[in-house]
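In this note's numbering, the protein residues as written are 29 to 461.
Printed below as a string of structure tokens:
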């Protein structure tokens, strides 16, 4: 009896073992099949991808900074009384930009940018793979187009190439370009170009013009709080422009400062001091923008430089103007602020000028050019009376008029005195011969 029970138990155990083995074997075959399918698919995908990169992307991978000429604003300078050259006016085309070298960019500005935009910037080789995987997940799983995976290197390439279409091809091209780009350029060069290339709102391209526009400071003189405020704008210039919304800019600035603190760029004391620092902008929120009105002197310099470029380069006026406004020229003028102030005091004071002539209601007009008799330098001028309200209107400096009797001291009396034909005591009959 007991023997039969043991036999049945043994058979049942054997059947269980066989069943488990059969199931395990079947499962192993299924898993192996799935693995082989995935491996084959992956290998096939890799081959296709490699072929795609070789045939479609390879020719576009090289991005050289030497191929890009950023539009740079030109500056008109004048010599002050102490011999220092100072800025008289800035001329810009569609992009108001003045280049600033890496050595003149505050470390706080660089670290604020890295902390908020690309915290692994100093470690990766152009692509942050953690963020890139997340970006593709956003695209293919969450079906979102706000990837958020671009490194500073990738953003710079996008700014230079002007390719912003949201496609897989563009993302792949950007990735491979960034990897290739960082083989040829240092992190310092990338930071320098990025902070000179990107848009900071209010027509400002680059940190130099941003510092001037928002704080009226040289970029090297910005505080930590001001650096964070400017970096805050890059995420969305229309939203974080402090002239549009001071509150939005402040919120984003504090986010930047917090990122700097969390990543160890600043200690708690500097963090709290920067958060509590009152930001003093050039103009208040929603204050009406006033167009820059060039003086008659500046307009005359502009016209003279355009004429000079036309003659030297053999180009037309339109091309010469484009070169002036985007070529980054430093133009050293003969402007004398003291003499120009004297000219303006007379020409802008209408109370000291005749208002009409023989019953006409039209304001009498005049122009003046002050020249250094020893050097020929034009040190001051005015192209009309009253306040100048528009750019490149009528500049009477260029208006041709018959000199009348005002030419006599130069063309008649002067030569006559020089050749001894008359003296200071000579009487001349002021009448018909």
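Cβ coordinates follow ideal geometry from the N, Cα and C atoms, glycine included.
Treat the numbers as computed from the prediction; the structure is a model and nothing was measured.
Let me know if residue 337 comes out buried or exposed under the rule of 16 or more other beta-carbons within 10 Å of its beta-carbon.
Per the 10 Å Cβ criterion, buried.
Using the rule of at least 16 other Cβ atoms within 10 Å of the residue's Cβ for burial, across every protein chain shown, is residue 420 buried or exposed?
Classification of residue 420: exposed, given that the 10 Å Cβ count is below 16.
Does the beta-carbon distance from residue 256 to residue 140 come in below 9 Å?
Yes. Within cutoff.
Could you check what DSSP says for residue 456 in three-state terms: helix, strand or coil?
In this structure, residue 456 counts as coil in the three-state DSSP scheme.
Classify residue 171 as buried or exposed, calling it buried when 16 or more other Cβ atoms lie within 10 Å of its own Cβ.
Reliability fails at residue 171, whose pLDDT of 48 lies under 50, so the model's placement of it is uncertain and the value that follows must be treated cautiously. Burial call: exposed.
Rounded separation between residue 205 and residue 91 - CA only
Cα to Cα, residue 205 sits roughly 7 Å from residue 91.
So, using beta-carbon positions, are residue 238 and residue 246 closer together than 9 Å?
Not a contact, by the Cβ cut-off of 9 Å.
Short of 7 Å in beta carbon distance, which residues of its chain neighbour residue 124, apart from the five on each side in sequence? Order them along the chain.
These residues qualify, in order along the chain: 101, 231, 232, 233, 237.
Nearest residue (CA-CA) to residue 189, options 105, 94, 214:
The option with the nearest alpha carbon to residue 189 is 94.
Pair every Cβ in the segment 132–150 with every Cβ in the segment 177–186, then say whether three or more of these pairs are closer than 8 Å.
Result yes; three or more Cβ-Cβ pairs closer than 8 Å.
Can you grab the Cα-Cα spacing for the pair residue 425 / residue 134, in whole Å?
Spanning the two alpha carbons is a distance of roughly 44 Å.
Can you look up residue 348 in the DSSP assignment and give me helix, strand or coil?
In the structure shown, residue 348 sits in a helix (DSSP, three-state: H, G or I).
Determine the DSSP secondary structure at residue 311, reduced to helix, strand or coil.
Coil.
To the nearest angstrom, report how far apart residue 271 and residue 369 are at their CA atoms.
Cα to Cα, residue 271 sits roughly 32 Å from residue 369.
Endpoints, the beta strand (DSSP E) within which residue 102 is located:
From DSSP, the beta strand (DSSP E) with residue 102 extends over 102–107.
Measuring straight from C-alpha to C-alpha, what distance separates residue 78 and residue 200?
Residue placement at residue 78 cannot be trusted, given a pLDDT of 48 that sits under 50; what the coordinates show is reported in the next sentence. Residue 78 and residue 200 have their C-alpha atoms spaced approximately 12 Å apart.
Among 121, 158, 106, 241, which one has its Cα closest to the Cα of residue 24?
The chain is shown only over 29 to 461; residue 24 falls outside these bounds and no answer can be derived.
According to DSSP, is residue 212 helix, strand or coil?
Under the three-state reduction of DSSP output, residue 212 falls in the helix class.
Got a sec? Which residues, its chain only, sit under 6 Å from residue 360 by beta carbon, not counting five neighbours each side?
Counting only Cβ-Cβ distances below 6 Å, and skipping sequence neighbours, we find 105.
Endpoints, alpha helix (DSSP H) assigned at residue 241:
235–243 is the extent of the alpha helix (DSSP H) around residue 241.
Contained alpha helix (DSSP H) runs [length at least 4] in the segment 261–313, N- to C-terminal order
Listed in chain order, they are 265–268, 274–290, 296–304.
Please list the segments of the alpha helix (DSSP H) lying wholly inside the segment 332–415, counting only runs of 4 or more residues, in order along the chain.
For the segment 332–415, whole alpha helix (DSSP H) runs of length 4 or above, ordered along the chain, are 345–354, 365–375.
For residue 114, which beta-bridge partners are listed by DSSP?
DSSP, once it has assigned bridges, lists 106 as partnering residue 114.
I need the DSSP call for residue 422, collapsed to helix, strand or coil.
In the displayed model, residue 422 falls within coil according to three-state DSSP, outside both helix and strand.
For residue 161, does the count of other Cβ atoms within 10 angstroms reach 16, so buried, or fall short, so exposed?
With fewer than 16 other CB atoms across the displayed protein chains lying within 10 angstroms of its CB, residue 161 is exposed.
Start and end of the alpha helix (DSSP H) containing residue 180?
For residue 180, the enclosing alpha helix (DSSP H) stretches over residues 180–189.
Hey, how far is the Cα of residue 209 from the Cα of residue 153?
Spanning the two alpha carbons is a distance of roughly 9 Å.
Would you report the Cα separation of residue 339 and residue 347, rounded to the nearest angstrom?
Those two C-alpha atoms are separated by around 12 Å.
Does the beta-carbon of residue 416 have 16 or more other beta-carbons within 10 angstroms, so that it is buried, or is it exposed?
Label assigned to residue 416: buried.
When burial is assigned at 16 or more other CB atoms within 10 Å of the CB, is residue 288 buried or exposed?
With 16 or more Cβ atoms within 10 Å of its Cβ, residue 288 is classed as buried.
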